[in-house]
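One structure is given here, and the rest of the page talks about it.
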Amino acid sequence: MKTIKVKTDGVTRLNKYLSTSGVVSRRNADELIKNGLVTINDKTAILGDKVNDGDTISFKKIETPLTYALYYKPRGEVTGRVAGLPGCEPVGRLDKESEGLLLYTNDYRVVDAVLHPIHAREKEYEVQVREKTTPRVVTLLKRGIKTQEATYSPVKSVHIYGEGRSIRIVITEGKKHEIRRMLNALNLTVLSLKRVRIMSFVSHGLKAGSPHILSQKQKDILLKDCGIE
0 MKTIKVKTDG VTRLNKYLST SGVVSRRNAD ELIKNGLVTI NDKTAILGDK
50 VNDGDTISFK KIETPLTYAL YYKPRGEVTG RVAGLPGCEP VGRLDKESEG
100 LLLYTNDYRV VDAVLHPIHA REKEYEVQVR EKTTPRVVTL LKRGIKTQEA
150 TYSPVKSVHI YGEGRSIRIV ITEGKKHEIR RMLNALNLTV LSLKRVRIMS
200 FVSHGLKAGS PHILSQKQKD ILLKDCGIE
């Protein structure tokens, strides 16, 4: 059994705490709880239980090798599990009409390190739009955009090229349809959207629809990028 001490500002659902702590995914946390493999202060937990600061969680986890992979999602494919990567989840998503780089892993420390907004990990995109882009678009993207759906933080960088109809954008958020909604709010029609970089990893050289397992050197770079010892 492994044991962790709860550190939280308030009451938190047990499965959420296990997943955000990088122990397991939310889905796997539910399975552990269902199978009676988790206790809170030496009492067997059930689904729906919550934890408080200072509680002790113990759990029995079946050890599986950690896998890290890059995957180029083709346009038209729904983000989900990928053949050849059993037990691995996508770290973030791309909508069906977008294409490009995804990271897959069963190491939930990496999932939290990449997705949690406080870490502000860089993601880079190439976007083609129908209308010609003006300098005002660059200014507004760098200020941040507010739409009916959400308020989006200023982009990290933006570069216009290709006669004003190609845009390269770097963001550190990961809100749903973020780039499409920001550009739509600026009266730009997105024709294609491609993610070309996540932190130090780029899509160049990847075969669409075929996962690439990271080498040891690449794993070391990923863990360093994520601040994981």
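Residue numbers (numbering that gives the first Met the number 0): 0 to 228. Glycine residues also receive a C-beta, built at the ideal position from the N, C-alpha and C atoms. Nothing here was measured: the structure is a model prediction, and the numbers come from that model.
{"Item": "Hey, which unbroken runs of the alpha helix (DSSP H) at 4 residues or more fall wholly within the stretch 132-200?", "Value": "134-142 and 177-184"}
{"Item": "In terms of residue numbering, what span does the alpha helix (DSSP H) encompassing S18 cover?", "Value": "L13 to T19"}
{"Item": "Three Cβ pairs or more, each shorter than 8 Å: is that satisfied between the stretch 53-70 and the stretch 3-19?", "Value": "yes"}
{"Item": "Could you tell me whether any Cβ in chain B is nearer than 8 Å to the Cβ of V128?", "Value": "Reference to chain B is not applicable here, since this structure consists of a single protein chain."}
{"Item": "Taking the beta strand (DSSP E) that V5 belongs to, which residues open and close that run?", "Value": "Where V5 is concerned, there is no enclosing beta strand (DSSP E), given that its DSSP letter is neither H nor E."}
{"Item": "From what residue to what residue does the beta strand (DSSP E) around E98 run?", "Value": "E98 to T104"}
{"Item": "Within the continuous beta strand (DSSP E) that includes E130, where are the two ends?", "Value": "Counting along the chain, E130 falls outside any beta strand (DSSP E), and DSSP gives it neither H nor E."}
{"Item": "Can you tell me where the beta strand (DSSP E) holding L69 begins and where it ends?", "Value": "Y67 to K72"}
{"Item": "For R167, which residues in the same chain have their Cβ closer than 6 Å to its Cβ, ignoring the five residues on either side in sequence?", "Value": "E125 and H158"}
{"Item": "Can you name the start and end residues of the beta strand (DSSP E) that I39 belongs to?", "Value": "V37 to I39"}
{"Item": "Between the alpha carbons of V110 and T138, how many angstroms are there, rounded?", "Value": "32 Å"}
{"Item": "What first and last residue would you give for the alpha helix (DSSP H) that runs through I56?", "Value": "Where I56 is concerned, there is no enclosing alpha helix (DSSP H), although the beta strand (DSSP E) it sits in stretches over T55 to F58."}
{"Item": "Can you give me the Cβ contacts of L101 inside the same chain, cut-off strictly under 6 Å, excluding the 5 residues immediately before and after it?", "Value": "Y70, K72 and P89"}
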